[in-house]
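Protein chains: 2
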Amino acid sequence: MKKSNEPKAAVRTSPRKQVPAKPLTKKPSRRKPKPQAQRSADTRNRLIDAAIACLARVGYSATTVTLVAEEAEVSRGAMTHQYPAKNDLMLAVVEAVYERDGEHYRRTVAEKSPMRWIQDLPATMWDVISQPSGIAVIEIMLASRSDRELADKLRSVQRNIDMTAHQWIVERLESAGLRDRPDGEAVHRLFVAAIRGLSLEGLFRRDRAGVEKSVAVLSEILGILYPATAVRSSSQS
Amino acid sequence: MKKSNEPKAAVRTSPRKQVPAKPLTKKPSRRKPKPQAQRSADTRNRLIDAAIACLARVGYSATTVTLVAEEAEVSRGAMTHQYPAKNDLMLAVVEAVYERDGEHYRRTVAEKSPMRWIQDLPATMWDVISQPSGIAVIEIMLASRSDRELADKLRSVQRNIDMTAHQWIVERLESAGLRDRPDGEAVHRLFVAAIRGLSLEGLFRRDRAGVEKSVAVLSEILGILYPATAVRSSSQS
DNA sequence: TAACAAACAGACTGTACGTTCTGTTTTATT
DNA sequence: AATAAAACAGAACGTACAGTCTGTTTGTTA
Numbered sequence: 037m038k039k040s041n042e043p044k045a046a047v048r049t050s051p052r053k054q055v056p057a058k059p060l061t062k063k064p065s066r067r068k069p070k071p072q073a074q075r076s077a078d079t080r081n082r083l084i085d086a087a088i089a090c091l092a093r094v095g096y097s098a099t100t101v102t103l104v105a106e107e108a109e110v111s112r113g114a115m116t117h118q119y120p121a122k123n124d125l126m127l128a129v130v131e132a133v134y135e136r137d138g139e140h141y142r143r144t145v146a147e148k149s150p151m152r153w154i155q156d157l158p159a160t161m162w163d164v165i166s167q168p169s170g171i172a173v174i175e176i177m178l179a180s181r182s183d184r185e186l187a188d189k190l191r192s193v194q195r196n197i198d199m200t201a202h203q204w205i206v207e208r209l210e211s212a213g214l215r216d217r218p219d220g221e222a223v224h225r226l227f228v229a230a231i232r233g234l235s236l237e238g239l240f241r242r243d244r245a246g247v248e249k250s251v252a253v254l255s256e257i258l259g260i261l262y263p264a265t266a267v268r269s270s271s272q273s
Numbered sequence: 037m038k039k040s041n042e043p044k045a046a047v048r049t050s051p052r053k054q055v056p057a058k059p060l061t062k063k064p065s066r067r068k069p070k071p072q073a074q075r076s077a078d079t080r081n082r083l084i085d086a087a088i089a090c091l092a093r094v095g096y097s098a099t100t101v102t103l104v105a106e107e108a109e110v111s112r113g114a115m116t117h118q119y120p121a122k123n124d125l126m127l128a129v130v131e132a133v134y135e136r137d138g139e140h141y142r143r144t145v146a147e148k149s150p151m152r153w154i155q156d157l158p159a160t161m162w163d164v165i166s167q168p169s170g171i172a173v174i175e176i177m178l179a180s181r182s183d184r185e186l187a188d189k190l191r192s193v194q195r196n197i198d199m200t201a202h203q204w205i206v207e208r209l210e211s212a213g214l215r216d217r218p219d220g221e222a223v224h225r226l227f228v229a230a231i232r233g234l235s236l237e238g239l240f241r242r243d244r245a246g247v248e249k250s251v252a253v254l255s256e257i258l259g260i261l262y263p264a265t266a267v268r269s270s271s272q273s
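Note that the protein sequences, when read in sequence, are chains D and X. The first sequence lines up with residues 37 to 273 when you count with the working numbering. The second sequence lines up with residues 37 to 273 when you count with the working numbering.
Encoded structure:
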């Protein structure tokens with residue numbers, strides 16, 4: 037862990053150590069005129085990752101800016117430079133997570149056949165949503181009720197996601213020679229909700245096996261609602 | 037001695053020490069001596085209701101003790117007398133909610149035939165879980181990750197609920213001449229999770245109709261998983 | 001190179017929060 | 001009645017938080 041056990045007095049014994057002739061602990065022997073764009077992006081990513089970790093571990097109300105800064109091993113100053121207010125960081129988290137999740141989905145689309153992909157959808161959703169980043173988004177969603185700015189932003193992002201996500205699924209279904217149910221959107225929403233609920237429950241219950249069983253049930257249900265996607269079915273009356 | 041601050045004493049115009057022969061600020065007329073057990077229970081209930089309302093409306097981190105006291109129209113002093121710490125109140129909320137919810141379920145069991153009850157289960161679950169009290173419990177669940185005492189208490193209560201709840205369902209199924217599926221527990225958990233997820237989503241999306249559609253899908257799924265419970269559609273189409 | 005701007009570091013501050021404390025009113029007990 | 005205890009009221013307190021500020025280092029540009 038990390039010690040934050042420093043006396044508040046000026047411990048500035050003689051800290052004038054700049055321009056080290058030798059880079060000590062950093063990249064060895066390689067001079068690095070790191071562009072500031074890179075530096076910015078680095079600390080931003082560190083902060084976002086740390087925020088996600090904290091949100092998933094201790095929840096929103098216990099995720100203080102100081103805690104995030106420590107987790108990210110970033111100074112308070114650097115943090116406020118990149119994200120002046122806590123909200124700015126939370127907003128960045130939401131955007132980053134949705135970006136990454138979209139990438140994740142896109143990858144699974146690319147590497148699987150349409151039929152296969154649909155079959156695996158519940159498991160894929162579970163992979164994405166039950167991760168810390170998924171929990172973090174839930175936390176921010178809930179906390180956004182006391183913050184209009186955050187709520188508005190979240191809503192717009194969410195709307196985008198929902199539309200494109202269901203659009204994808206419809207396309208995939210058609211690629212597999214299927215058509216969506218008339219209540220396809222409700223089904224989709226139900227599945228997302230179920231996965232969310234399960235990941236919530238997994239938060240403070242160690243029963244991972246039980247939760248995965250429920251995901252399996254969800255897969256089975258998918259197979260029933262969209263019969264042709266079931267694992268074994270080529271002929272039937 | 038501590039009378040140093042009366043900067044804005046508009047109410048307390050002059051001295052104290054009066055034993056007014058006429059009760060001026062007293063409640064209108066008939067003031068029967070309320071037993072203190074009743075008084076205690078009243079303010080406790082007011083506080084619990086207010087806490088539920090606040091949790092559901094603004095979330096845990098924005099639910100301050102002051103806000104709850106105002107919502108309950110109870111003085112800070114009375115509040116701390118009943119619940120010395122914030123945690124005490126949160127614990128009380130959890131217990132009260134589970135008590136009330138159990139009562140709700142029991143009532144629906146009593147007034148419906150077994151078959152009917154099973155059919156309506158998703159809707160009943162939605163009724164219970166999507167209420168403010170259901171949201172409040174979710175909020176406390178999430179916040180409990182940064183508070184061991186709360187987490188432990190919650191876990192034990194939850195464990196009780198889960199066992200008795202599934203037990204009930206199995207009994208109901210048998211009353212209807214059905215047997216549970218081997219993965220019945222996973223199904224049950226999945227349904228609870230789905231309802232929770234849906235109610236979460238309903239929090240910051242006004243689309244109540246859409247959510248109810250998803251609940252309907254859930255009912256349909258229940259009918260498929262437990263065929264005999266499906267609504268008999270003798271002559272429809 | 002110099003001058004500037006961006007990135008960083010960390011102390012400082014106002015405030016809002018949960019808790020504690022002192023004092024008052026209401027009910028119970030004798 | 002007197003006395004004690006419970007319920008209530010609200011000020012006072014310490015603290016931890018988010019936001020701000022001043023100063024330093026590092027990269028960019030003229």
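No residue lacks a Cβ here, since even glycine has one placed at the ideal position from N, Cα and C. From a predicted model like this one, the values you see are computed outputs, not experimental measurements.
**Report entry** Leu236 (chain X) (DSSP reduced to helix, strand or coil)
**Finding:** helix
Query raised in the report: What is the residue span of the alpha helix (DSSP H) that Pro218 (chain X) lies within?
Result: Element bounds for Pro218 (chain X): n/a, residue is neither H nor E.
Query raised in the report: Under 7 Å Cβ-Cβ, which residues of chain D neighbour Ala179 (chain X)?
Result: Gly95 and Ser97
Query raised in the report: Using DSSP with H/G/I as helix, E/B as strand and the rest coil, what is Gly170 (chain D)?
Result: helix
**Report entry** Spatial distance of Gly233 (chain X) from Gly233 (chain D) (CA atoms)
**Finding:** 5 Å
Query - Where the alpha helix (DSSP H) containing Glu185 (chain X) begins and where it ends - result: Arg184 to Ser211
Query - Best match in X:Leu178, X:Ala114 and X:Gly138 for proximity to Phe240 (chain D) [C-alpha to C-alpha] - result: X:Leu178
Report task. Give a yes or no on whether 8 Å exceeds the smallest Cβ distance from Ala187 (chain D) to chain X. Result -> yes
Report task. Could you round the C-beta distance between Ala230 (chain X) and Leu261 (chain X) to whole angstroms and report it? I think they count as a contact, below 8 Å. Result -> Not really, about 13 Å apart at Cβ, beyond 8 Å.
Query raised in the report: Can you list the beta strand (DSSP E) stretches of 3 or more residues lying completely in the region 116-156 of chain D, in chain order?
Result: none
Query raised in the report: Alpha carbon to alpha carbon, how far is Thr160 (chain D) from Tyr141 (chain D)?
Result: 8 Å
Requested in this report: Give the secondary structure of Ser76 (chain D) by DSSP, where H, G and I count as helix, E and B as strand, and everything else as coil.
Outcome: helix
Query raised in the report: Closer than 8 Å, CB to CB, is Pro263 (chain X) near chain D or not?
Result: no
Query raised in the report: How many Å lie between Glu175 (chain D) and Ala73 (chain X) at the Cα?
Result: 39 Å
Query raised in the report: Quick one, are the C-beta atoms of Ile84 (chain X) and Val129 (chain X) less than 8 Å apart?
Result: yes
Query - Residue-level contact to chain D via CB, Lys249 (chain X), 8 Å cutoff - result: yes
Query raised in the report: Closer than 8 Å, CB to CB, is Ser182 (chain D) near chain X or not?
Result: yes
**Report entry** Local Cβ density within 10 Å of Pro263 (chain X), reported as buried at 16 or more and exposed below that
**Finding:** exposed
Requested in this report: Would you mind working out which of D:Ser97, D:Arg215, D:Cys90 and D:Arg80 sits nearest Ala132 (chain D), comparing C-alpha positions?
Outcome: D:Arg80
Report task. Apply the 10 Å Cβ neighbour rule to Met115 (chain D) and answer buried if 16 or more other Cβ atoms are within range, or exposed otherwise. Result -> buried
Query raised in the report: Under a Cβ-count criterion, where at least 16 other Cβ atoms within 10 Å of its own Cβ denotes burial, should Thr99 (chain D) be classed as buried or exposed?
Result: buried
Query raised in the report: Tell me which same chain residues have a C-beta within less than 7 Å of the C-beta of Ala46 (chain X), skipping the five on either side of it?
Result: Caution is warranted here: a pLDDT of 32 is assigned to Ala46 (chain X), below 50, making its placement in the model unreliable, and no coordinate value can be reported.
Query raised in the report: Between the region 227-242 of chain X and chain D, which residues of the former have a C-beta closer than 8 Å to a C-beta of the latter?
Result: Val228, Ala229, Ala230, Ile231, Arg232, Gly233, Leu234, Leu236, Glu237, Leu239, Phe240 and Arg241
Query raised in the report: Is Ala87 (chain D) near Val104 (chain D), with beta carbons less than 8 Å apart?
Result: yes
**Report entry** Proximity of Leu226 (chain D) and Pro158 (chain D) at Cβ, strictly below 8 Å
**Finding:** no
Query raised in the report: Below 8 Å, can you find three or more Cβ-Cβ pairs linking the region 204-218 of chain X to the region 204-222 of chain D?
Result: no
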